[in-house]
Amino acid sequence: MASVEILGRVNEEGRLEVEQFIHLPPGEVRITIESVDIEADEALWDEQFAKSQDMLEQLSLEAHEDYLAGRTEDCDDSDEV
3 MASVEILGRV
13 NEEGRLEVEQ
23 FIHLPPGEVR
33 ITIESVDIEA
43 DEALWDEQFA
53 KSQDMLEQLS
63 LEAHEDYLAG
73 RTEDCDDSDE
83 V
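So the mapping is simple: my numbering equals the position in the sequence shown, first residue as 1, plus 2.
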């Protein structure tokens, strides 16, 4: 069974509107609708993004310390992966 998540909106007449094509074969589907609190969703994303920046900063500092301590190797980027 394929599971697809799409975003849409309920219009003033109570009809569901979706803006993207759904790649499923013809047949019956089960639809579960979850109301989305856009402001809360954006606040959560902002919080998670801020935390990821802190982690990236920490990883950057650790990598720089490793470089200064001679614990790194030169990378040969001429090899194709």
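Even glycine gets a Cβ: it sits at the ideal position worked out from N, Cα and C.
The model shown is predicted, which means the values in this text are computed figures rather than measured ones.
Helix, strand or coil: how does DSSP classify residue i here?
| i | result |
| --- | --- |
| residue 86 | Limits of the chain in this structure are 3 at one end and 83 at the other, which puts residue 86 out of reach. |
Taking the C-alpha atoms as reference points, what is the distance between residue i and residue j?
| i | j | result |
| --- | --- | --- |
| residue 14 | residue 52 | 36 Å |
| residue 72 | residue 78 | 17 Å |
| residue 75 | residue 47 | 36 Å |
| residue 29 | residue 16 | 23 Å |
| residue 41 | residue 18 | 21 Å |
| residue 68 | residue 62 | 10 Å |
Between the options, which lies nearest to residue i when the distance is taken from Cα to Cα?
| i | options | result |
| --- | --- | --- |
| residue 38 | 12, 58, 16 | 12 |
| residue 35 | 66, 56, 10 | 10 |
| residue 33 | 20, 60, 61 | 20 |
| residue 27 | 5, 42, 41, 67 | 5 |
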